[in-house]
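To start, the structure under review is shown below, and the notes come after it.
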Amino acid sequence: MIRSSMLVLFALALLACSDSPRHVAVIFPEAGGLKPGDNVSIRGLAIGQVRDVDLHPEGVIARLEISPRFVAHLDAGARFTIESEKLVTGKKAVVVQPGEPPGAALPEGAVVHGEALPPGPLEEARQVLEGSVDRAGDQAKGLGRALLDPDTLPPRAAGGTVDLDRPGHYRLRLISVRVEPTTADGSSWDSMGEPDLLVQAWVGPRQVLLTPTAEDTESKTYGEEGISTSFELQPGQPVRLKVLDADVSYHDEIGIIELQPTPADARAGRTFRLAAGRVAELQLVIEEAPPEPLLPVADAGLAKDAAP
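Convert by adding 1 to the 1-based position in the sequence shown; the result is the number in my numbering.
Structural data, given as structure tokens:
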């Protein structure tokens, strides 16, 4: 027992002497507002930053970079949670609670699971504040209805009307993707050789497409599973596609493709042929989204009235 404790302390001491930052990936059930650049802290002291947040089969995966002087506090018994750091801005942080007693040191590139905690004092205060604002708004609306009779007023200008034919709405149709046979340094994508292809499409901050994983292949042709949800084409807002090699722990990036399609591209039926990173070729089209299907007319009442 004494010998094991000495080995753990010796390993922690070696980690503390390292001049390189430690990279750890944490899988959470959901992001909860966590973004790249948010702090990683222990007992209120910032020890690193969140470098990336991405989707994962079990939720989301946050990749952390820890300052060299604090790596000794990362052990297998540590708990990782997402908590509010600032009340007004809603900024989040990954909070680390070292294990008691400390477990084995986390190695470089370790993947661990985080956990969700009930709202802390800051989160509870923010929720109370939001509830007060909502109640005040409802009371103001009620007062307005009491003072004005809507039956005697002309129609007011109001937003929220939806054109079911949706002119100006588009969708992305992914045709195919083909990647290089190796990584940039000549290594195999996976231990079995070929990658497991996964494609995401984003319009601004909104994800509009997530394809099923195509296992053990360097190329994939898509059908209905390659059609995105509808979106609007805004000037200066690019469409980005991320091609990944899906893994159990986290996904390796193969290439990120960015394009600026226009309504004219959709009308012309242009097929985009693109390449970036280790993506040898990706083909897609931007097309007008079809209208929403019309709802059936309820005629049961009419039939009842017409019966003898």
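Ideal Cβ positions, reconstructed from N, Cα and C, are used throughout, including at glycine.
None of these values were measured; they are calculated from a predicted model.
Just to confirm, are residue i and residue j a CB contact at a threshold of 7 Å?
i: residue 209; j: residue 115; result: no
i: residue 60; j: residue 31; result: yes
i: residue 234; j: residue 199; result: no
i: residue 1; j: residue 174; result: Given that the chain is displayed from residue 2 to residue 309, the structure contains no residue 1 and the question cannot be resolved.
i: residue 79; j: residue 99; result: yes
i: residue 284; j: residue 272; result: yes
i: residue 231; j: residue 290; result: yes
i: residue 41; j: residue 129; result: no
i: residue 251; j: residue 43; result: no
Let me check understanding here. Comparing Cα to Cα, which of the options lies closest to residue i?
i: residue 215; options: 184, 259, 177, 187; result: 177
i: residue 181; options: 56, 220, 76, 211; result: 220
i: residue 83; options: 44, 260, 97, 225; result: 97
i: residue 29; options: 42, 64, 46; result: 64
i: residue 81; options: 108, 112, 70; result: 112
i: residue 242; options: 230, 231, 259, 227; result: 259
i: residue 202; options: 248, 55, 36; result: 55
i: residue 106; options: 95, 74, 269, 290; result: 74
i: residue 171; options: 275, 191, 204, 62; result: 204
i: residue 179; options: 277, 236, 268; result: 277
i: residue 253; options: 185, 39, 133, 37; result: 185
i: residue 270; options: 207, 286, 236; result: 286
i: residue 238; options: 265, 207, 222, 187; result: 207
i: residue 131; options: 110, 104, 91, 117; result: 91
i: residue 117; options: 194, 108, 35, 109; result: 35
i: residue 110; options: 187, 194, 21, 103; result: 21
i: residue 264; options: 236, 25, 281; result: 236
i: residue 25; options: 108, 103, 187, 194; result: 108
i: residue 282; options: 195, 222, 57; result: 222
i: residue 275; options: 240, 39, 133; result: 240
So residue i packs on residue j, CB below 8 Å; how close in whole Å?
i: residue 33; j: residue 93; result: 6 Å
i: residue 255; j: residue 279; result: 5 Å
i: residue 23; j: residue 72; result: 4 Å
i: residue 248; j: residue 217; result: Not really, about 12 Å apart at Cβ, beyond 8 Å.
i: residue 212; j: residue 224; result: Wrong, their Cβ atoms sit about 11 Å apart, outside the cutoff.
i: residue 189; j: residue 183; result: 6 Å
Are the C-beta of residue i and some C-beta of chain D separated by less than 7 Å?
i: residue 100; result: Looking for chain D here will not work: only one protein chain is present.
Length at least 3, wholly inside the stretch 189-225: the beta strand (DSSP E) runs in chain order | 198-204, 207-211, 220-222
Every unbroken beta strand (DSSP E) within the stretch 263-288, with a cutoff of 3 residues, ordered by chain = Counting whole runs of 3 or more residues, the stretch 263-288 contains the beta strand (DSSP E) stretches 272-277.
Stretch pair the stretch 67-78 + the stretch 45-53: three plus CB contacts closer than 8 Å | Short answer: they touch.
Identify every run of the beta strand (DSSP E) within the stretch 46-101, keeping only runs that are complete inside it and at least 3 residues long; order them along the chain.
-> Qualifying beta strand (DSSP E) stretches, in chain order: 46-57, 60-67, 80-85, 93-98.
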